[in-house]
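For reference, the structure discussed in these notes is given below.
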Amino acid sequence: MSRPHRLRALAALTTLLVTTGVVVAPPSAHAADIPASDYQQVALATGPGELGEAMSLAVLPNRSVLHTARGGQVRITDVNGNTSLAGTLNVYTHDEEGLQGVAVDPNFATNRHIWLYYSPRLSTPSGDAPTTGTQTDWNTWKGQFYLSRFTLTTSNTIDMASEVIVLRVDNDRGQCCHAGGDIDFDAQGNLYLTTGDDTNPFESNSYTPIDERTNRNPQFDAQRSSGNTNDLRGKVLRIKPQANGTYTIPSGNLFAPGTANTRPEIYAMGLRNPFRMSVDKATGIVYLGDYGPDAGSSDANRGPSGQVEFNRITSAGNYGWPYCTGNNTTAETYNEFTFPSGPSQAKYNCAGQPTNNSFRNTGLQTLPQPRPAWIRYGGDAGSPPEFGGGSESPMGGPVYRYDPNNTSPVKFPQSLDGRFFAGEYGRRWIKAIEVTSSGGVGEISGFPWTGTQVMDMAFGPDGALYVLDYGTGSGNQALYRIEYIGGANRNPIAKAAATPTSGVAPLAVSFSSAGSSDPEGSALTYSWNFGDGTTSTAANPSKTYTANGTYNVTLTVRDSGGLTGSANVTITVGNTAPTVNLQTPLSGALFNFGDTIPYTISVSDPQDGTINCARVKFTYFLGHDSHSHQITSKDGCSGSITVPTDGEHDAAANIYGVFTAEYTDNGGLTTTVTRTLQPRHRQGEHWGAQNGVQTAQHAAAEGGTTVGFVDNNDWISFTPYNLTGATSLTARVSSGGVGGTLEVRAGSATGTLLGTATVANTGSWDTFANVTANLSNVPTATTTVFLVFKGVTGQGNLFDLDAFTFNGGTTNPPAGTIEGEAFTSQSGVQTAAHTTASGGLTVGYIDNGDWAGYSNVSTSGKTSFTARVSSGGPGGTITIRSGSQTGTVLGTVNVANTGSWDTFANVSTTLTGTGTGALFLTFTGGSGALFDIDTFSLGSTPPPATTVEGEAFTSTSGVQVATHAPATGGLTAGHIENGDWAAYNQVTVNGATRITVRYSSAGPGGTIEVRAGSATGTLLGTLAIPNTGGWETFASASANLTAGSATGQVVLRFTGGSGALFDVDNFTIQK
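Okay, here's the thing in structure tokens:
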């Protein structure tokens, strides 16, 4: 089918490249991917039991691999894939901290020393450090990382008493992010350690975090760390360890010993999060990947769009952060900025020597001149074409050195000698990059890799590449050895599984080899070693264990050529893994960043009996593309976590919420369950699956990209979603074509129709408007949402979808049901077991006068109550109260006998009282057990959105009324210049969650700041306004707002360049 719309998009892209001066070099004429048939990827360890949260690896001289997990575990996997626990450190694991890097001492053969970099537990409080306060508050959260030397015994366990703490890196705790933590040695025995900037990036609007407010947590100012010559964070450190546990300073570091206000350990500074690096022992050159911020576009008054770097460090130097990135040009340099909302000041002097004038700086004020990146990519910098697209997450890998005297049959070929092996965590690739004789970038070749997210890499003494795969959160983390075979027969791949993997004796276990295969397709034979001296040659055998213990079971598969592959599974007899039920929040529930998310967790364990809720952990991760960052956690079976507003990523970034519930029983078995929550506002181009559509580029789109080239019956889908309580979907669309209809469906492209919205021609593909589909028949279960495009068949190019927002629904309390047995206080009631109940449990044994409280469930704004109940008794009445068991009555509902305790029915009532406190249910009735409650839900009607005409300001500075025929009512707020503002006392900020603005601009555009009460009041959010192509060409854009406790009238403050910036036709406040 012809799609002329594509020509429109390509023409726009060509114009962008020409007008911005971006030049992308074509791929090298000789660049070619390395043949996959020449290599085989051997799985040595897989899954959480053998790897935990996989962090770092180091290969021992005998080809065994040491690997670390962030939770403190050090494991060792031998050449045949047998994994054992070498030792466990007691670590502090808030956010990204914990056990990080591991290295093998150059003299391991004689001293058996290994090196670990980790955050010791110390006496740091649990939870989050406050974001504002005094130095006394911050002192409570002071911590350290240890660089320690240990001895690995000949039985492959770590002698914990052998620890020598060689270096301590002071840090701040209780906030996210950036720990760094990789370790390597050069040929001279010098140790290199990378450290992150230890700075929260989430409240600087995706630009540089340099917040110098005196009452602000220091973790929002990277000038105290990366930009500080007297601090070890945000650096590459280089020391020469001594046998007695001390160290000396090698010559050639950035600052000579004795230089005032500096640390002599610093080799390279100005780094943000140099998470992975290696030292090429042949040259002493350091190769590292440094993560960067995520601004989606450059701002002349703030700084560059987000980009990341691979750096090749040939000598000591400064790499610019937090003052500049990339090549340190003016466009890649940040402005000094007054937090939280400006003004912006001059750019830092990255062409010369930037000045660190933060009051938190303890080092030199005038810094060394920054060096440019070796390879920069992302944002306005673009990417080398061989890098493809996706997120920016560089992982510095090793340089391969071919040794003709190495007799290993799996060593890499001479053709790859001197290549730097770069990893990309988010884009999921490995590239072999040629280094030219002058140190430049030569051929970039794709390397065969079938794993997921590259976490660490190293070449072993056998010349094979060892890769640690972090996995995708679904238990698929792995350790691989990639061997060169030159097109010869490849080893078969073994997959082993067992059901169950734990329980009491006698334990009957069914084993499975499903998924085992041979690359050449030959038939396999099977050999199982059950870990107790018994074996089997069946493909899928069964085995009963009668004695307690931990059994390491190995499956070995053999192909027709005699090559083998193996896989392991661990069986625990005498202890049953705990059952963890994350009852709320529900998978796919809607939320806004800034929301407080209540949670309820139930745990049962046959051996532990009564569960100590202090050992139950609830953790929030910020999901971004295909990976996530741990942000904060809390202990307890119930409570709430406030999701921080996100100021690191661009408004159009693919971000979402990930929550886990975890419990480790007394026998050491851990169960973790995960929920993904969806932001109400999503970009269409972040679909999970699609049919027929493509992306299109439009400057006026959020993030510059839309879902385009749509034809009748094309669709996009997103999963998981729980739309309980959602009342409508608002879509931001454009059309220079015939328009059409947007359908919202559940389950499939032909599934339940929830709503439709008509899309008309908007005037051009670059003119955006909002359309709304009212929703009905909304499922209460988690589902996949399909957006289906309808119109004239064969017409093509019906309309573009930029973004969409689900309105209504709530996460406070969570959308959907709450388990009745998840009470946090009670009198008289108990948990009862019923196989037909949700999760098998209810709140039961309810007598007259009993009550149950739910401290994590708010009654504020609730208008209905529904409960799933059963009764084999007389029934009774539920009274819904706010604040306490004697608090305000919101409503009552009667419960009748349902026929039996296992027969459930729903009862509902409307709520008429005004509640502000936690939910309490009180129970009344006759004698004996009245009824059970399985689950219940509270409903609410979201307040309507308020739309205000831009020209209806009640006070202003600088703004005037302008006349434009296409505007609503023919008028706008216009003649807007930098620093002007307009106030609207007809609408308040109280509880505001989102703003949508209709605007036009033939000028430079700018930014709208949404403030409370006055032009200098609390900043709730910002919205970038681009040029729309004319004062009569209108578009719409939206931004999330964080009102918190702010009150007062809405004030819009306008910033930008010179002259008339833009006009505002109207704006809508959603609460």
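Here the sequence shown stands for residues -31 to -1, 1 to 1040, where the numbers follow mature numbering (1 follows the signal peptide of the UniProt record, and there is no 0). Just so it is clear, CB atoms sit at the ideal spot from N, CA and C, and this is done for glycine as well.
- Collapsing the DSSP output to three states places Pro339 in a strand.
- Inter-residue distance for Thr891 and Thr904 is about 15 Å (C-alpha atoms, whole angstroms).
- In the structure shown, the three-state DSSP call for Asn954 is strand.
- With a cutoff of 9 Å on beta-carbon distance, Ser485 and Val526 are scored as near each other.
- Runs of beta strand (DSSP E) with 3 or more residues, each lying fully within the segment 364 to 452, are found at 389 to 393, 398 to 404, 410 to 416, 423 to 428, 434 to 438, listed in chain order.
- Ile235 is the residue among Ile235, Phe224, Ala225 whose C-alpha sits nearest the C-alpha of Lys204.
- Residues of the same chain with a CB within less than 8 Å of the CB of Gly845, apart from the 5 flanking positions on each side, are Ile815, Asn817, Asn863, Val864, Phe892, Thr893, Gly894, Gly895, Leu899, Phe900 in chain order.
- Secondary structure at Gln192: helix, using DSSP grouped into helix, strand and coil.
- Straight across, the Cα-Cα distance linking Ala700 with Thr937 is about 19 Å.
- Our two residues, Asn197 and Gln322, have alpha carbons roughly 13 Å apart in a direct line.
- Measuring C-alpha to C-alpha distances from Asn743 to each of Ala750, Phe154, Leu722 identifies Leu722 as the nearest.
- In the structure shown, the three-state DSSP call for Ser807 is helix.
- According to the DSSP assignment, Asp259 belongs to the beta strand (DSSP E) that extends over 254 to 260.
- DSSP, reduced to helix, strand and coil, places His667 outside both helices and strands of the structure shown, so it counts as coil.
- A distance below 9 Å separates the beta carbons of Phe590 and Phe628.
- Boundaries of the beta strand (DSSP E) around Leu524: 518 to 527.
- With respect to Arg39, Glu22 sits close: the two C-beta atoms are nearer than 9 Å.
- Counting along the chain, Phe114 sits inside the beta strand (DSSP E) bounded by residues 111 to 121.
- Contact check for Ser247 and Tyr260: beta-carbon distance about 16 Å, past the 8 Å limit, so the pair fails to qualify.
- By the Cβ-count criterion, Leu29 is buried, with 16 or more other Cβ atoms from all chains shown falling within 10 Å of its own Cβ.
- For Ala300, the closest C-alpha among the options Gly275, Leu493, Trp950 is that of Gly275.
- In the same chain as Phe119, and ignoring 5 residues on each side of it, the C-beta atoms closer than 6 Å to its own belong to Ile83, Ile127, Ser131, Glu132, in chain order.
- For Thr105, the enclosing alpha helix (DSSP H) begins and ends at 104 to 108.
- In the structure shown, the three-state DSSP call for Gly672 is helix.
- For Ala921, the CB contacts under 8 Å within the same chain, skipping 5 residues up- and downstream, are Tyr953, Gln955 in chain order.
- For Pro210, the uninterrupted beta strand (DSSP E) run begins and ends at 204 to 210, by DSSP.
- Of the residues assessed, Val676 falls on the buried side of the cut-off, its CB having 16 or more other CB atoms within 10 angstroms.
- Just so you know, the alpha carbons of Phe381 and Ser807 end up roughly 55 Å apart.
- Counting along the chain, the unbroken alpha helix (DSSP H) around Gly18 starts and ends at 16 to 20.
- Rounded to the nearest angstrom, the gap between the Cα atoms of Gly143 and Pro187 is 11 Å.
- DSSP assignment within the segment 134 to 167 yields the following whole beta strand (DSSP E) runs of 3 residues or more, N-terminal first: 149 to 154, 160 to 164.
- The Cβ atoms of Arg963 and Asn1035 lie no closer than 9 Å to each other.
- Leu85 is bridged by DSSP to Val71, Ser117.
- Within the same chain, and ignoring the five residues on either side of Ala5 in sequence, the residues whose Cβ sits closer than 7 Å to its Cβ are Pro417.
- Spatial neighbours of Leu888 in its own chain (CB-CB distance under 6 Å, excluding positions within 5 residues in sequence) are listed in chain order as Tyr823, Val826, Thr828.
- With contacts defined by Cβ atoms closer than 9 Å, Ile451 and Val11 form a contacting pair.
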